[in-house]
Amino acid sequence: MPVHLLGIRHHGPGSARSVLQFLEALDPDVVLIEGPPEADAILALAAHETLKPPVAILAFHPDDPKKSVFFPFAEFSPEWQAIRYALRKQKQVRFMDLPIGTQLAMETQEETAPVAHDPISQLALADGIPDGEKWWERQFEYRRNNEQVFEAVAEAMHALREDHSGKEKQLELLREAHMRKTIRQAEKEMFTEIAVICGAWHVPALQHMPKLKDDNDLLKGIPKLKVECTWIPWSNSRLSVYSGYGAGILSPGWYQHLWHHPDDDGTRWMALTAALFRENGLDTSVAHVVEAVRLANTLAGLRGYSKAGLEELNEATLSVLCNGDATPMHLVHQQLMVANNLGTVPDDVPKPPLQNDIEKKQKSLRLPPSADWKDYTLDLRKETDLERSRLLHRLLLLGIRWGEQTAVNGKGTFKEQWRLQWKPELLIDIIEKGAWGNTVEVAAGNYVTRQVNESDALEAISALLINTLPAELPVALDAVIKRIEQLSAATSDTIQLMQIVPELVNAARYGAVRQSDTQKLLEVVTEILTRVCISLPNACAAVSDDAAEHLLELVFRMNDAVNILQDAEIALLWENTLQNIAFSNHTTPVIAGYATRLLADRKLLEGADLAAHFSRAMSPATPAALVASWLEGFLKGSGTLLLIDTALWNVVNNWVAQLEENTFLELLPLIRRTFARFTAPERRKLGEKARLGSGSTGTAPEKKLPFNEERAVAAIPLIMELLGHQYNAAK
3 MPVHLLGIRH
13 HGPGSARSVL
23 QFLEALDPDV
33 VLIEGPPEAD
43 AILALAAHET
53 LKPPVAILAF
63 HPDDPKKSVF
73 FPFAEFSPEW
83 QAIRYALRKQ
93 KQVRFMDLPI
103 GTQLAMETQE
113 ETAPVAHDPI
123 SQLALADGIP
133 DGEKWWERQF
143 EYRRNNEQVF
153 EAVAEAMHAL
163 REDHSGKEKQ
173 LELLREAHMR
183 KTIRQAEKEM
193 FTEIAVICGA
203 WHVPALQHMP
213 KLKDDNDLLK
223 GIPKLKVECT
233 WIPWSNSRLS
243 VYSGYGAGIL
253 SPGWYQHLWH
263 HPDDDGTRWM
273 ALTAALFREN
283 GLDTSVAHVV
293 EAVRLANTLA
303 GLRGYSKAGL
313 EELNEATLSV
323 LCNGDATPMH
333 LVHQQLMVAN
343 NLGTVPDDVP
353 KPPLQNDIEK
363 KQKSLRLPPS
373 ADWKDYTLDL
383 RKETDLERSR
393 LLHRLLLLGI
403 RWGEQTAVNG
413 KGTFKEQWRL
423 QWKPELLIDI
433 IEKGAWGNTV
443 EVAAGNYVTR
453 QVNESDALEA
463 ISALLINTLP
473 AELPVALDAV
483 IKRIEQLSAA
493 TSDTIQLMQI
503 VPELVNAARY
513 GAVRQSDTQK
523 LLEVVTEILT
533 RVCISLPNAC
543 AAVSDDAAEH
553 LLELVFRMND
563 AVNILQDAEI
573 ALLWENTLQN
583 IAFSNHTTPV
593 IAGYATRLLA
603 DRKLLEGADL
613 AAHFSRAMSP
623 ATPAALVASW
633 LEGFLKGSGT
643 LLLIDTALWN
653 VVNNWVAQLE
663 ENTFLELLPL
673 IRRTFARFTA
683 PERRKLGEKA
693 RLGSGSTGTA
703 PEKKLPFNEE
713 RAVAAIPLIM
723 ELLGHQYNAA
733 K
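Following the working numbering, the numbering of the sequence shown begins with 3 at its first residue and continues without gaps.
Right under this line is the structure:
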């Protein structure tokens with residue numbers, strides 16, 4: 003009973019064509035394919051019309067979905083063509099590799115087809131070519147027939163394995179032993195013609211079989227995990243070597259083109275390139291295409307090739323269509339060489355309930371998964387966009403990062419900007435998070451509640467609240483708020499409370515945009531703010547320089563939070579706190595200065611009172627370092643305030659003017675540090691304002707130009723027309 007060994011590379015149009023031609027001529031009874039035996043039960047689904055490559059078999063341990071392996075297939079994968087042939091001809095088809103449950107148990111799931119080294123590179127070097135990929139491509143992927151190709155591959159692998167004898171890894175020995183076991187089982191079942199499709203490296207090990215007992219002894223007692231399998235969509239970018247895939251290829255889009263158009267002399271490919279350039283605003287004519295194809299084939303002839311390959315076509319594109327500018331070539335790489343399309347699978351493929359729920363929402367909300375980035379601007383005032391936002395935020399809470407939120411152009415809190423890209427590995431996260439619920443809403447709510455119960459970090463729970471609020475999960479949100487209330491009541495750390503207040507205030511404000519009930523959150527925020535206001539004056543005393551910088555920033559954010567909250571009672575409490583900080587002799591100077599500035603901004607300290615307080619703080623009797631620190635806090639932020647607030651400018655300017663020369667020289671280096679934080683235009687305008695004298699606006703008096711009434715009257719009809727009105731001179 004003959005066994006036909008077809009040694010192949012896992013993805014390539016020439017290899018796939020050779021396998022398909024061989025099978026059509028042989029008409030085998032059974033087809034054995036290198037792959038996970040656990041997936042035999044879902045092989046029949048490959049005949050489904052809506053199972054369109056690129057796709058992959060996902061094999062995972064149901065109790066720990068992170069233990070998983072993908073087995074990708076492109077339309078030009080030899081294994082895929084063998085599967086489709088067998089199903090089309092109603093032949094027996096089986097996978098024959100070592101069970102993936104054993105490989106997972108051994109924690110060796112690095113690649114779907116692990117090998118000890120790269121035999122292709124060794125063959126290429128023997129032929130005097132340094133690039134193994136290019137050598138294989140020329141020898142096999144551009145082939146139109148399979149005449150003696152598998153015999154040649156087997157002979158080459160025999161020679162390579164002789165040099166490699168005794169160096170095989172344990173996993174490789176186990177895999178090949180199980181392949182032989184599957185072949186023996188097919189022979190035992192009396193199949194007359196057995197076709198075996200496997201990685202070329204394994205051919206010698208399957209051609210010369212050891213004793214049955216030796217293989218049984220090798221496979222005896224090996225560990226095994228429970229594994230489930232399903233079909234999932236894959237993408238060309240994940241087939242690419244750039245994705246890190248061990249059996250990846252350089253140009254899946256080019257291979258797809260070769261599979262469908264093996265006779266193309268480059269004209270079709272160059273026409274696609276020209277169309278792509280024109281779509282992106284690059285001028286490309288038919289003459290360009292003709293000249294580029296001629297150049298590509300001339301290059302191929304000079305190099306001794308029968309036809310132009312991708313390398314020659316790219317060189318011709320760069321020279322003729324791009325005029326030597328390599329920048330447009332990234333379009334060719336992304337859109338043609340990779341061509342990042344996403345495969346599809348039928349609805350009746352076994353899927354976890356959570357995955358089904360996500361797919362239903364993707365369809366109903368018109369958010370189709372895409373292998374490329376897609377940008378969406380969501381208007382939260384529209385119900386569909388609001389539902390989209392809820393879904394995306396809930397997925398983020400679950401750690402399913404389909405989308406990432408980006409900055410919104412323009413003003414308004416009713417908008418969200420998202421970038422979405424579907425990656426096949428997201429299905430692992432979906433399977434894993436399916437343990438928390440059968441729908442996105444239930445799973446996200448349960449997952450958040452678990453995190454709340456497991457964390458004692460106030461800042462972490464606060465961050466969780468920020469993420470939970472836009473997801474609109476009332477029960478989970480209530481649990482988060484209660485946890486914040488408990489933890490904040492149990493802490494006496496003022497700094498920790500100040501760190502979470504701004505985020506909580508913003509969350510409450512954002513909730514109003516979504517029409518969410520944030521009353522309980524506002525009550526918690528009010529309680530925390532009250533505690534901060536009571537304890538902050540003492541926290542500002544005797545603080546080190548580094549701690550003072552941090553505390554100063556927290557006071558700045560607290561002030562903004564109070565302004566956003568717009569609560570009269572909290573505002574009054576905060577103002578009293580600022581007064582306690584500003585007028586206390588124990589407050590660290592930089593914080594006291596900033597508190598004074600905030601009181602001045604709120605018009606609670608102005609005129610003579612502000613000047614008197616400023617003079618006391620900047621007294622010559624006070625050490626220079628403390629004076630400079632107080633002034634640094636007073637002038638915190640933009641220098642623009644000094645330009646537009648004449649009263650504040652006069653206070654600072656008058657103080658500088660009355661300084662004695664020795665005191666001024668002592669303070670100058672310290673004051674320069676404060677002013678150095680202003681922008682260059684601000685410093686220049688402040689200098690101009692000082693030069694023009696006290697009370698100046700900082701600009702020279704504007705010269706009055708003579709008014710030409712006749713010219714002004716002549717312009718009135720045009721202005722009225724621009725405003726959409728008719729001009730009646732009589733009026």
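We put the CB at the ideal spot given by N, CA and C, even for glycine.
Contact annotation: proline 38 and isoleucine 10 have beta-carbon atoms that are not nearer than 8 Å.
Taken through DSSP and simplified to helix, strand or coil, tyrosine 144 comes out as coil. Comparing C-alpha distances from valine 57 to each of Phe73, Asn652 and Pro67 shows the shortest one belongs to Phe73.
Judged by pairs of C-beta atoms under 8 Å, the region 364–374 does not touch the region 445–460, as fewer than three such pairs exist. Per DSSP, glutamate 434 is one residue of the alpha helix (DSSP H) stretching across 428–435. Comparing C-alpha distances from lysine 228 to each of Pro101, Pro504 and Leu125 shows the shortest one belongs to Pro101. With a 10 Å radius around the Cβ and a threshold of 16 neighbouring Cβ atoms, arginine 452 comes out exposed. When the beta-carbon positions are compared, leucine 208 and leucine 28 stay at least 8 Å from each other. Going by C-alpha positions, leucine 724 is about 26 Å away from proline 708. Leucine 22 places its beta carbon 8 Å or farther from that of glutamine 94.
Valine 557 is classed as buried because its beta carbon has at least 16 other beta carbons within 10 Å across all chains shown. Rounded to the nearest whole angstrom, the CA to CA distance from arginine 96 to phenylalanine 152 is 21 Å. DSSP, read as helix, strand or coil, puts tryptophan 138 in helix.
For valine 351, there is no enclosing alpha helix (DSSP H), as DSSP marks it with neither H nor E. Burial is judged here by how many other beta carbons sit within 10 angstroms of a residue's own beta carbon; leucine 499 has at least 16 and is buried.
Annotated as distal: glutamate 143 and proline 254, with beta-carbon spacing of 8 Å or more. Along the region 657–698, the alpha helix (DSSP H) occurs as fully enclosed runs of 4 or more residues at 663–677 and 682–694, listed in sequence order.
DSSP places alanine 249 in the coil class of the three-state scheme, outside both helix and strand. DSSP, read as helix, strand or coil, puts threonine 329 in coil.
Fewer than three beta-carbon pairs drawn from the region 224–238 and the region 277–292 are found closer than 8 Å, and the two stretches are therefore not classed as touching.
Counted as a single uninterrupted DSSP element, the stretch harbouring glutamate 608 is not any alpha helix (DSSP H), since DSSP gives it neither H nor E. The three-state reading of DSSP puts cysteine 535 in helix, counting H, G and I together. Separation of proline 55 and serine 287 (C-alpha to C-alpha, rounded to the nearest whole angstrom) is 33 Å. Note that the C-beta distance between valine 291 and alanine 273 is below 8 Å. The Cβ atoms of isoleucine 185 and isoleucine 199 do not sit closer than 8 Å to each other.
Distances from the CA of isoleucine 646 to each of Pro67, Arg675, Asp603 and Thr624 were compared; the closest alpha carbon is that of Asp603. Put simply, of Val454, Met339, Arg383 and Leu466 the residue whose alpha carbon is nearest the alpha carbon of histidine 395 is Leu466. Assignment of alpha helix (DSSP H) within the region 537–612, counting only whole runs of 4 or more residues, yields 547–567, 570–585 and 591–603 in chain order. Runs of beta strand (DSSP E) with 3 or more residues, each lying fully within the region 6–83, are found at 32–35, 57–63 and 66–75, listed in chain order.
Here the C-alpha atom of phenylalanine 78 lies approximately 14 Å from the C-alpha atom of serine 242. Separation of the CB atoms of valine 592 and tryptophan 632 is rounded to 7 Å, and the pair is thereby assigned contact status at 8 Å. If you look at glutamine 209, you'll find it in the alpha helix (DSSP H) that goes 205–209. The alpha-carbon separation between glutamate 230 and aspartate 66 amounts to approximately 11 Å. A Cβ-Cβ distance of about 7 Å is found for the pair alanine 692 and asparagine 655, placing them in contact under the 8 Å criterion. The distance from the Cβ of threonine 275 to that of threonine 319 is about 6 Å, consistent with a contact at the 8 Å cut-off.
Between isoleucine 583 and cysteine 542, the C-beta gap is smaller than 8 Å, which places the two residues in contact.
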